[in-house]
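Since the structure comes first, as structure tokens, the remarks are kept for the end.
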Amino acid sequence: MGRSMLDVRGLKKVYEGSGRRVEAVRNLTFTVDAGELVCLVGPSGCGKTTLLKCVAGLLTPTSGEVLLEGRPVSGPPPGMAVVFQEYGRSLFPWMRVGENVELPLRQKPLSKARRRELVADALDSVGLADAAGAYPWQLSGGMQQRVAIARALAYEPDVLLMDEPFAAVDAQTRADLEDLVRGLWRERGITILFVTHDIDEAVYLGERVLVLSASPTVVQEQLTIDLPEERDQLRTRVAPRFAELRTRVYEQVQAAKRGVTAPRL
Amino acid sequence: MKDGQTDGQRDRQTDGQLDDTGPGPTSPPRAERPAAANAALGAAGIVGFLALCEAVSRFGIVSGDYFPPLTRVADALVTELGDRAFWTALGDTLTGWALGLAIAVTAGILAGVVIAVVPFLREATASTIEFLRPIPSVALIPLAVLLYGSELRSVLLLVVYASFWQMLIQVLYGVQDVDPVAEETARSYGLGTWARVRHVLWPTALPYVMTGVRLAAAVALILAVTAELVIGAPGLGQRIAVAQTSQAVPEMYALVVVTGVLGLLINVGARAVERRALAWHQSVRGEVVV
Amino acid sequence: MKRLALRLLFVVALPALLVAAWWLVSADSTEVYWPPLRTILTTFPDVWTGERLRADVLPSVLRLLAGYAAAAVVGVALGTVIGSYRRVRAVCEPVLEFLRAVPPPVLVPVIMLFAGIGDTMKIAVIASGCVWPVLLNTVEGVRAVDPVMAETARSYGITGVARLRNVVLRSASPQIFAGLRQALSIGIILMVISEMFAASNGLGFTIVQFQRGFAIPDMWTGILVLGLLGFALSVVFHLVERRVLAWYHGLRTASRRSS
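Chains as they are written, first to last, in our numbering: chain A, 1 to 265; chain B, 266 to 555; chain C, 556 to 814.
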């Protein structure tokens with residue numbers, strides 16, 4: 001186990017208003033180590049987005065805390081970047097791709113030359129070096145999500161949060177993007193917390209998978225994915241170990257939906 | 266009230282979102298309160314505004330000759346409301362407005378539909394419409410004066426010219442919005458021109474038509490009052506001009522308030538009609554197209 | 556090439572036809588108020604000399620621009636503040652609804668009380684009539700900023716002026732332009748009638764002078780000039796809008812194609 005990068009302790013989020021009280025997240029505790037790729041899966045409606053927004057500092061938890069490198073998160077911290085599911089609404093349509101990637105960097109004390117370099121490098125690593133001058137809406141959905149990833153990379157975050165980033169793209173593009181994220185993670189050694197409802201995706205991508213229960217959410221089970229570092233869409237997905245892990249996670253998610261704990265392996 | 270609700274929905278998205286639409290309580294419960302709270306805040310805003318108006322002249326920030334205290338304007342308003350001449354003027358203004366609007370709406374819809382149905386007309390008229398539309402209707406004031414003096418027809422000329430374009434443009438937008446698939450479907454089932462207009466064109470264009478009516482209604486009031494103010498056609502505008510020249514300042518403000526209330530009622534009414542028409546439209550559209 | 560010619564024909568045909576019809580119908584007109592088009596056109600260069608353009612048209616246009624610009628700045632600034640805070644909006648909304656509903660021309664006599672009959676009055680009239688559509692549309696645009704975009708900006712630490720400039724105002728710009736377009740036509744109306752009401756120069760004043768002096772062909776040329784001015788301003792506005800909102804039109808075309 002390496003140095004812990006992200007600590008979530010006893011996180012609880014309750015929405016309140018006009019006499020109703022909705023407990024979205026009950027009691028969540030987990031850690032993500034530096035350089036780790038952790039996937040969060042859970043049944044739909046289980047408060048994954050709420051959790052991610054609390055971690056990102058976009059929502060204030062009712063109780064509990066989130067620590068980034070030991071420091072409590074009370075607003076969006078500079079060391080974190082978020083990739084949202086709705087790429088079309090997360091990129092600014094009035095800015096060209098290059099400007100979209102550059103905008104967050106302008107809030108940092110960086111020279112113009114350094115900013116350019118970061119933008120070019122980030123676009124290059126997602127395979128969109130030529131698209132800097134295009135508007136996001138001129139690109140396909142998959143390419144737009146690549147731009148959003150490039151924007152996050154250029155920001156040089158300690159932790160990259162991804163909220164069901166590939167839920168709205170077609171299957172082929174999705175596979176490409178999964179490999180892209182995996183590749184970037186290995187290349188750059190960033191810490192990634194990846195939220196998804198897709199079990200295959202979680203197992204294929206993650207080093208560790210956290211299965212969440214139905215709302216009000218707790219961590220149902222943690223699973224280390226002991227697949228080889230080198231993964232590819234063809235072989236990894238048909239490997240017997242992949243099938244085992246997949247089944248295991250599937251059982252846990254089903255159990256989570258019913259609100260019981262499945263027996264351990 | 267409507268705004269209060271949209272706000273509630275937006276807040277739900279910005280700071281209170283649960284994922285997906287799975288089972289369980291997915292809508293954070295904060296919908297009704299803002300509506301009531303907003304109404305209270307709005308009322309506070311109105312009271313504050315009125316207090317400000319009163320204070321500005323009471324404490325001599327602005328001379329009472331130019332901006333009389335609210336109480337005096339209210340007095341003048343009460344006097345006006347008791348005056349039969351005021352009600353005649355209000356009737357005149359409303360007549361000019363309603364008649365002009367009716368003519369403009371009818372003409373706008375007819376012209377729009379004809380242009381839509383005859384294919385080559387759309388292209389042929391585009392440049393002419395683009396040229397005539399921005400011509401300010403007030404340019405016609407001198408002509409109206411010469412032709413009709415201060416009669417109702419002067420008012421109508423200005424009102425119709427201004428609101429006709431609002432109407433026509435909206436109808437043309439609406440007609441352009443017709444789904445080509447729906448149009449083809451209608452054709453393939455052998456619907457004639459009239460049936461296509463009735464069942465495909467009109468339902469699609471209706472929301473635009475209603476928007477056009479709303480915009481045209483506002484413009485029509487502006488031009489009706491303008492004609493009365495500048496040409497001296499009988500109506501509220503003319504009464505304002507008379508009050509101004511005779512230095513009857515509180516009366517003038519009272520009349521300005523009346524035109525404001527009139528405008529407000531027209532806006533609110535037009536929006537209500539629009540909303541009802543839209544609800545109706547969607548159900549109808551669902552039946553025809555699907 | 557042939558298609559281009561055809562399109563040109565479509566653009567020119569009807570206007571040409573209408574002008575020709577006007578020309579023919581009015582050719583032998585002896586009615587005082589409907590002079591032959593020929594007479595109007597021959598009068599035109601005599602009336603609208605360089606001197607007259609400088610003394611009457613230029614002041615009108617400058618007043619319009621000054622009032623319009625003031626309204627745009629004030630409307631966008633106030634609209635941004637009101638649109639950004641829900642409580643402020645709730646407090647202001649009913650009052651704004653009322654102020655917007657007042658037909659702008661009745662402001663002319665009111666503002667004359669304060670500002671006399673000089674340029675200040677006219678600029679103030681134009682500004683106070685144009686400000687409402689800009690203001691209310693800005694409020695709508697600012698409050699309708701997409702929540703995902705707002706969160707994206709927040710998560711990347713884009714706040715304060717940077718957020719206002721790069722996110723909020725850009726996202727509201729289509730609405731703001733819709734308001735500016737409405738304001739332009741109101742501005743022209745107010746420019747003309749404030750000059751008809753009380754002025755010693757300007758387009759509105761001149762045209763009324765012609766009418767009162769029964770210089771009918773001159774009056775007709777004045778109507779033409781006003782029409783041309785309205786048309787020219789709308790063309791300029793259209794060009795600016797196309798440029799500033801190029802992204803918006805592109806986005807709309809793109810999403811229409813995909814749906």
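The beta-carbon is built from N, C-alpha and C at its ideal position, and this holds for glycine as well. The structure presented is a predicted model; accordingly, all values stated were derived computationally and were not measured.
Run down chain C in chain order and give the residues with a C-beta less than 7 Å from the C-beta of phenylalanine 194 of chain A.
Here residue 194 of chain A corresponds to residue number 194 of the first sequence, with the count starting at 1. Chain C residues near phenylalanine 194 of chain A: none, gap ~16 Å exceeds 7 Å.
Interface partners of valine 566 of chain C on chain B, CB under 8 Å
Your numbering for residue 566 of chain C matches position 11 in the third sequence. The answer, in chain order, is Ala391, Ser392.
Check whether the Cβ atoms of glutamine 222 of chain A and glutamine 252 of chain A sit closer than 7 Å, and answer yes or no.
Working through the first sequence from its first residue, we reach residue 222 of chain A at position 222. Working through the first sequence from its first residue, we reach residue 252 of chain A at position 252. Contact flag unset, no.
Hey, proline 570 of chain C and phenylalanine 385 of chain B are a contact pair by Cβ (cut 8 Å); roughly how many whole angstroms apart?
Numbered from its first residue, the third sequence carries residue 570 of chain C at position 15. Numbered from its first residue, the second sequence carries residue 385 of chain B at position 120. Actually they are not in contact, since the Cβ atoms of proline 570 of chain C and phenylalanine 385 of chain B sit about 16 Å apart, beyond 8 Å.
Kindly say whether valine 795 of chain C, judged by its beta-carbon, lies nearer than 7 Å to any beta-carbon of chain A.
Counting from 1 along the third sequence, the entry for residue 795 of chain C is found at position 240. Cβ-Cβ to chain A under 7 Å: no for valine 795 of chain C.
Give the residues from the segment 739–770 of chain C that approach chain B closer than 8 Å (Cβ to any Cβ), ordered along the chain.
Correct list: Ser740, Ile741, Ile743, Ile744, Val747, Ile748, Met751, Phe752, Gly759, Ile762, Val763, Phe765, Gln766.
DSSP three-state call for valine 478 of chain B: helix, strand or coil?
Reading the second sequence from its first residue, position 213 is the one you call residue 478 of chain B. In the structure shown, valine 478 of chain B sits in a helix (DSSP, three-state: H, G or I).
Between the Cα of glutamine 233 of chain A and the Cα atoms of A:Gly189, A:Val169, A:Thr173, A:Arg258, which residue gives the shortest distance?
Here residue 233 of chain A refers to the residue found at position 233 of the first sequence. Of the listed residues, the one whose Cα sits closest to glutamine 233 of chain A is A:Thr173.
C-alpha distance - valine 723 of chain C paired with glycine 715 of chain C, whole-angstrom precision
One-based indexing of the third sequence puts residue 723 of chain C at position 168. One-based indexing of the third sequence puts residue 715 of chain C at position 160. Their backbone Cα atoms lie some 10 Å apart in a straight line.
Does alanine 134 of chain A come out as helix, strand or coil in the three-state DSSP assignment?
Numbered from 1 along the first sequence, position 134 holds the residue referred to as residue 134 of chain A. If DSSP states are grouped into helix, strand and coil, alanine 134 of chain A belongs with coil.
Buried or exposed: isoleucine 713 of chain C, going by 16 or more other Cβ atoms within 10 Å of its Cβ?
Taking the third sequence and counting its residues from 1, the one referred to as residue 713 of chain C is at position 158. With 16 or more Cβ atoms within 10 Å of its Cβ, isoleucine 713 of chain C is classed as buried.
Within 10 Å of its beta-carbon, does arginine 231 of chain A have 16 or more other beta-carbons around it, so buried, or fewer, so exposed?
For this step, residue 231 of chain A is matched to residue 231 along the first sequence. Answer is buried; the Cβ neighbour count reaches 16.
Taking the alpha carbon of serine 789 of chain C as the point to measure from, which residue in C:Gly759, C:Arg641, C:Glu750, C:Ala733 has its own alpha carbon closest?
The count along the third sequence starts at 1 and reaches residue 789 of chain C at position 234. For serine 789 of chain C, the nearest C-alpha among the options comes from C:Ala733.
Please give me, in chain order, every unbroken run of the beta strand (DSSP E) with length at least 3 that falls completely inside the segment 90–122 of chain A.
Segments of the beta strand (DSSP E) lying fully in the segment 90–122 of chain A: there are none.
Chain A residues whose Cβ lies nearer than 7 Å to that of isoleucine 713 of chain C:
To locate residue 713 of chain C, count along the third sequence from 1; it is residue 158. Residues of chain A passing the Cβ test: Leu103, Pro104, Gln107.
Could you tell me which uninterrupted alpha helix (DSSP H) segments, each at least 4 residues in length, are contained entirely in the segment 588–651 of chain C, listed from first to last along the chain?
DSSP runs (the alpha helix (DSSP H)) wholly in the segment 588–651 of chain C: 592–602, 613–639.
Shorter than 7 Å from the beta carbon of leucine 67 of chain A to some beta carbon of chain C?
Residue mapping note: residue 67 of chain A aligns to position 67 of the first sequence, counting from 1. It does not: the Cβ of leucine 67 of chain A has no partner Cβ on chain C nearer than 7 Å.
DSSP three-state label for glutamine 274 of chain B, please.
The residue you call residue 274 of chain B lines up with position 9 of the second sequence. With a pLDDT of only 35 at glutamine 274 of chain B, under the threshold of 50, the placement of this residue in the model should not be trusted, and no figure is reported.
In this structure, does DSSP put serine 4 of chain A in helix, strand or coil?
Residue mapping note: residue 4 of chain A aligns to position 4 of the first sequence, counting from 1. Strand.
Give every residue of the same chain whose Cβ lies closer than 8 Å to the Cβ of alanine 62 of chain A, excluding the five residues on either side of it in the sequence, and list them in chain order.
To locate residue 62 of chain A, count along the first sequence from 1; it is residue 62. Looking at the sequence shown, residue 62 of chain A is not alanine but threonine. Excluding positions up to five away in sequence, the list reads Lys12, Lys13, Val14.
For threonine 286 of chain B, count the other beta carbons within 10 Å of its own beta carbon; 16 or more makes it buried, fewer makes it exposed. Which is it?
For the purposes of this step, residue 286 of chain B is identified with residue 21 of the second sequence, where counting begins at 1. Because threonine 286 of chain B carries a pLDDT of 31, less than 50, the predicted location of this residue cannot be relied on, and no value is offered for it.
Strictly below 7 Å CB to CB, what residues from chain C border isoleucine 403 of chain B?
Taking the second sequence and counting its residues from 1, the one referred to as residue 403 of chain B is at position 138. Position check: residue 403 of chain B holds valine in this sequence, whereas isoleucine was assumed. Taking a Cβ-Cβ threshold of 7 Å, the residues of chain C close to valine 403 of chain B are Ile744, Val747, Ile748, in chain order.
With respect to the alpha helix (DSSP H) encompassing threonine 247 of chain A, which residues constitute its N-terminal and C-terminal limits?
As a working note, residue 247 of chain A is residue 247 in the first sequence. Taken as a continuous stretch (DSSP letters only), the alpha helix (DSSP H) holding threonine 247 of chain A covers 240–258.
Residues near glutamine 435 of chain B by beta carbon distance below 6 Å, same chain, minus five either side
For the purposes of this step, residue 435 of chain B is identified with residue 170 of the second sequence, where counting begins at 1. For glutamine 435 of chain B, the CB contacts under 6 Å within the same chain, skipping 5 residues up- and downstream, are Tyr473, Thr476, Gly477 in chain order.
Kindly say whether threonine 135 of chain A, judged by its beta-carbon, lies nearer than 7 Å to any beta-carbon of chain C.
The sequence position of residue 135 of chain A within the first sequence is 135, counting from 1. Looking at the sequence provided, one finds tyrosine at residue 135 of chain A rather than threonine. Closer than 7 Å to some Cβ of chain C, the Cβ of tyrosine 135 of chain A qualifies, so yes.
Does any C-beta atom of chain A lie closer than 7 Å to the C-beta of glutamate 706 of chain C?
Taking the first residue of the third sequence as 1, we reach residue 706 of chain C at position 151. Yes, glutamate 706 of chain C lies at the interface with chain A (some Cβ there is under 7 Å from its Cβ).
Under three-state DSSP, which class holds aspartate 125 of chain A?
Looking up residue 125 of chain A in the first sequence gives position 125. With the sequence shown as reference, residue 125 of chain A is identified as serine, and aspartate is not the correct amino acid for it. In this structure, serine 125 of chain A counts as helix in the three-state DSSP scheme.
Under 8 Å by beta carbon: chain C residues contacting alanine 56 of chain A:
Within the first sequence, residue 56 of chain A is the residue found at index 56, counting from 1. Chain order gives the chain C residues near alanine 56 of chain A as Ser710, where near means a beta carbon separation below 8 Å.
Residues, ordered as in the chain, of the segment 642–653 of chain C that lie near chain B by beta-carbon distance below 7 Å
The segment 642–653 of chain C vs chain B, Cβ under 7 Å: Arg642, Ala645, Val646, Cys647, Glu648, Pro649, Val650, Glu652, Phe653.
Say whether chain C places a C-beta atom closer than 7 Å to the C-beta of serine 111 of chain A.
Walking along the first sequence from the start, residue 111 of chain A turns up at place 111. No, its Cβ sits nowhere closer than 7 Å to a Cβ of chain C.
Which residues in the same chain have their Cβ closer than 6 Å to the Cβ of phenylalanine 760 of chain C, if we skip the five residues on either side of it in sequence?
The residue labelled residue 760 of chain C in the question sits at position 205 within the third sequence. Exclusion of the five residues before and after phenylalanine 760 of chain C leaves Glu750, Ala754 as the residues of its chain whose Cβ lies within less than 6 Å of its Cβ.
What does the alpha-carbon distance come out to for the pair threonine 31 of chain A and leucine 52 of chain A?
Taking the first sequence and counting its residues from 1, one reaches residue 31 of chain A at position 31. Taking the first sequence and counting its residues from 1, one reaches residue 52 of chain A at position 52. In a straight line, the C-alpha of threonine 31 of chain A is about 13 Å away from that of leucine 52 of chain A.
For phenylalanine 194 of chain A, is the classification buried or exposed, using 16 other Cβ atoms within 10 angstroms of its Cβ as the cut-off for buried?
The residue you call residue 194 of chain A lines up with position 194 of the first sequence. Label assigned to phenylalanine 194 of chain A: buried.
How many angstroms separate the CA atom of valine 55 of chain A from the CA atom of valine 101 of chain A?
Walking along the first sequence from the start, residue 55 of chain A turns up at place 55. Walking along the first sequence from the start, residue 101 of chain A turns up at place 101. As the crow flies, the alpha-carbon of valine 55 of chain A is around 22 Å from that of valine 101 of chain A.
Please classify glycine 502 of chain B: does DSSP put it in a helix, a strand, or coil?
For the purposes of this step, residue 502 of chain B is identified with residue 237 of the second sequence, where counting begins at 1. Here glycine 502 of chain B sits in helix by DSSP.
Less than 7 Å between CB atoms is the rule here; does leucine 411 of chain B satisfy it with respect to chain C?
For the purposes of this step, residue 411 of chain B is taken as residue 146 along the second sequence, with counting starting at 1. Residue-level contact by beta carbon holds for leucine 411 of chain B and chain C, with a gap shorter than 7 Å.
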